[in-house]
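A.B. asks: Below is a structure I'd like to ask you about.
Residue numbers (our numbering): 551 to 1095.
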């Protein structure tokens, strides 16, 4: 179904392109009809580039130089281009916002079929089928501008499925989905793969969600080459692995378990007493200090559609609070209210003593930093360094060397790059750096780990933990592993109401859908991460060689 033979690709000539060299360098890959292939690698290693080769976006849209041979469904995407390949290859981008054309869900699903001349009856039938497959029937008449990021991602997948492609290519399709929605989407993809023979090529950083479904893994180490093999074989050596695989490798379990069910026999009978507190646990409970953020009886509605209902939430100085919940629960709306982008219908908000609705944005920005779900909303300068310099100028801060911050976020080598040319994960980190350089007292993060590989997430977590003594963090995320690593308090928002608020282990025990892999494996609120597992051998994790 897919053949890449000795493919080499360079992006258009630029100082960075010359320094980087070939993104793909003599890459060869053969995928059989009906395979489910998972593409993994560090952020910026070339995963998106590889996927874009399959429908002709590379080189037709991005330019550059490509050599070698590519065939998909017997067709040449380099000769035909994206439009003619669209009936064979359905492509889902990292950013669903970039894929939308019209503003109503049903119209978005119809758009591609209208352009290809489908009959009205066929369009109606396929729209109904796609809405049901992605469980978004209730969104049919909604405007895309009112949907959450996760809901928009599901709409993007549904729109592509209406063309009934033979190959479905997805670039991080679960990056904005809550755990249950991600499982639902992946189950749908597996069903399409197994029942309809649809070939799936999927790139993903959160391997814990998808590795069980893959027939093979394609690993990009970042030097332009590809390493291909069965999941158990590849996960023994690649450096990018989820917590379960890290635990299994360090414990020497064989065969390597890919699911919690396969791992449970290894921990049966050795679980710690639920009543004990693991003395090795590094997370300290922060002493409650003065309130930094006070939300009192806040309600909000979009066009008379209620989103938040009498929400009460107080965040104290030095706390690291994770706000979790299903897509559309109102999490991002709550953050927008906190910085004055929206006005509550009822209730009161105070941020560091300020009323965000009555405080000029430039004044509030000196104390509160928001990194939105879509990093493009913050990026407009010509280089990464310029983004940070703009924040300093806007807030009247002295010019300083930002090397340490850029290195911590893995951006130092990208400092002269145009931000919007970067990958989704790289743009996310640039937006974060542009906010952190202002040294805000309260940091509001909306899905900051979207598009980050495990090493980058760990670097971000390490940085945020180091800030806890002097900063307060409110984190919105679907990444339960990040919550387990860095938050001491978790809040669950469901249908606009707070239904849980307490220590992370306690909340994960009450809401298993938002629990980390280690909690679900050991069923112990004191064991949330691999670092919490007692008696774990300290041998280093193997590196790919």
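Quick reminder that beta carbons are idealized off the backbone N, C-alpha and C, glycines included.
According to the neighbour-count rule (16 or more other Cβ atoms, all chains shown, within 10 Å of its Cβ), is residue 961 buried or exposed?
C.D. replies: Residue 961 is buried by the Cβ-count criterion.
A.B. asks: Can you tell which of 1070, 887, 996 and 895 has the C-alpha that lies nearest to the C-alpha of residue 855?
C.D. replies: The option with the nearest alpha carbon to residue 855 is 895.
A.B. asks: To which residues does DSSP link residue 845 through a beta bridge?
C.D. replies: 863 and 899.
A.B. asks: Within 10 angstroms of its Cβ, does residue 755 collect 16 or more other Cβ (buried), or is it exposed?
C.D. replies: When all chains shown are included, residue 755 counts as buried.
A.B. asks: For residue 707, tell me which candidate among 668, 655 and 886 has the shortest Cα-Cα distance.
C.D. replies: Selected option, being the one with the closest Cα: 655.
A.B. asks: I need the DSSP call for residue 1040, collapsed to helix, strand or coil.
C.D. replies: It is a strand residue.
A.B. asks: Which partner residues does residue 919 have in the DSSP bridge list?
C.D. replies: Residue 919 pairs with 993.
A.B. asks: Count the other CB atoms, across all protein chains shown, that sit within 10 Å of the CB of residue 1021; report buried if there are 16 or more and exposed otherwise.
C.D. replies: Flag for residue 1021 reads buried.
A.B. asks: When the Cα atoms are used, what is the spatial distance from residue 1019 to residue 746?
C.D. replies: Answer to the nearest angstrom: the Cα atoms are 54 Å apart.
A.B. asks: To the nearest angstrom, report how far apart residue 973 and residue 558 are at their CA atoms.
C.D. replies: Rounded to whole angstroms, residue 973 to residue 558 spans 19 Å at the Cα level.
A.B. asks: CB residue 871 to CB residue 1039, shorter than 9 Å?
C.D. replies: A contact, by the Cβ cut-off of 9 Å.
A.B. asks: For residue 1029, count neighbouring C-beta atoms within 10 Å of its own C-beta (all shown protein chains included) and say buried if the count is 16 or more, exposed if not.
C.D. replies: The residue is buried, with at least 16 neighbouring Cβ atoms inside 10 Å.
A.B. asks: Considering residue 731, what are the terminal residues of the alpha helix (DSSP H) in which it resides?
C.D. replies: Segment 729-746, the alpha helix (DSSP H) holding residue 731.
A.B. asks: Per DSSP, what kind of secondary structure is residue 1132 in: helix, strand or coil?
C.D. replies: Outside the displayed range of the chain (551 to 1095) lies residue 1132, so it cannot be described from this structure.
A.B. asks: Here's a check: name, in chain order, each residue in its chain whose Cβ is nearer than 7 Å to the Cβ of residue 804, leaving out the five neighbours to either side.
C.D. replies: Here the set comprises nothing.
A.B. asks: To the nearest angstrom, how far is it from the Cα of residue 839 to the Cα of residue 863?
C.D. replies: Straight-line Cα distance between these residues: approximately 15 Å.
A.B. asks: According to DSSP, residue 640 sits in a beta bridge with which residue or residues?
C.D. replies: Note: residue 640 sits in a beta bridge opposite 718.
A.B. asks: Which one of 1041, 1046, 1045 and 1047 has the shortest CA to CA distance from residue 1060?
C.D. replies: Taking only the C-alpha atoms, the option nearest residue 1060 is 1041.
A.B. asks: Quick one: what's got a C-beta closer than 8 Å to residue 1083's C-beta in the same chain, skipping five residues either side?
C.D. replies: Hits under 8 Å: 797, 1068, 1072 and 1077.
A.B. asks: With a threshold of 6 Å on Cβ separation, who are the neighbours of residue 765 within its own chain once the five nearest residues in sequence on each side are excluded?
C.D. replies: Within the same chain, residue 765 has close Cβ partners 585 and 586.
A.B. asks: Given 8 Å as the limit, is there contact between the segment 591-608 and the segment 718-732, that is, 3 or more CB pairs closer than that?
C.D. replies: Because the criterion of three Cβ pairs below 8 Å is met, the segment 591-608 and the segment 718-732 touch.
A.B. asks: Taking just the CA atoms, how far does residue 1032 sit from residue 1070?
C.D. replies: Spanning the two alpha carbons is a distance of roughly 15 Å.
A.B. asks: Based on DSSP bridge pairs, tell me the residues matched to residue 603.
C.D. replies: According to DSSP, which records beta bridges pairwise, residue 603 is partnered with nothing at all.
A.B. asks: Please say whether residue 978 and residue 1023 have beta carbons closer to each other than 9 Å?
C.D. replies: No, Cβ-Cβ distance for residue 1023 and residue 978 is not below 9 Å.
A.B. asks: Excluding the 5 residues flanking residue 828 on each side, which residues of the same chain have their C-beta closer than 7 Å to its C-beta?
C.D. replies: The pLDDT assigned to residue 828 is 41, lower than 50, so where the model puts this residue is not dependable; a value taken from the coordinates is nonetheless given after this. These residues qualify, in order along the chain: 822, 1076, 1077, 1082 and 1084.
A.B. asks: Flag residue 869 as yes when its Cβ comes closer than 8 Å to any non-hydrogen atom of the ligand SAM, and as no otherwise.
C.D. replies: Inclusion of the ligand SAM in the displayed structure is not the case, the ligand content being empty and no account of it being possible.
A.B. asks: Per DSSP, which residues does residue 753 bridge with? Please list them.
C.D. replies: Answer is 589 and 721, bridged to residue 753.
A.B. asks: Taking only the alpha-carbon atoms, compute the straight-line gap between residue 1011 and residue 958 and give it to the nearest angstrom.
C.D. replies: Computed Cα separation, rounded: 11 Å.
A.B. asks: Just reading off the alpha helix (DSSP H) that residue 936 is part of, what are its end residues?
C.D. replies: 934-944 is the span of the alpha helix (DSSP H), which, as asked, contains residue 936.
A.B. asks: What residues are listed by DSSP as bridge partners for residue 766?
C.D. replies: Bridge partners of residue 766: 587.
A.B. asks: Sorted by chain position, which residues of the same chain lie with C-beta nearer than 6 Å to residue 1004's C-beta, five sequence neighbours on each side aside?
C.D. replies: The residues are 790.
A.B. asks: Are the segment 603-615 and the segment 687-706 touching by the rule of at least three beta carbon pairs closer than 8 Å?
C.D. replies: Short answer: they don't touch.
A.B. asks: State the DSSP-derived secondary structure class of residue 975, mapped to helix, strand or coil.
C.D. replies: Looking at residue 975 - three-state DSSP - the assignment turns out to be helix.
A.B. asks: Residue range of the alpha helix (DSSP H) that residue 924 falls in?
C.D. replies: Neither: residue 924 is in no alpha helix (DSSP H) and is coded neither H nor E.
A.B. asks: Would you decide whether residue 593 is buried or exposed? Buried here means 16 or more other CB atoms lie within 10 Å of its CB.
C.D. replies: Classification for residue 593: buried.
A.B. asks: For a test of the three-state rule: what should DSSP assign to residue 555, helix, strand or coil?
C.D. replies: Of the three classes helix, strand and coil, the one that applies to residue 555 here is strand, per DSSP.
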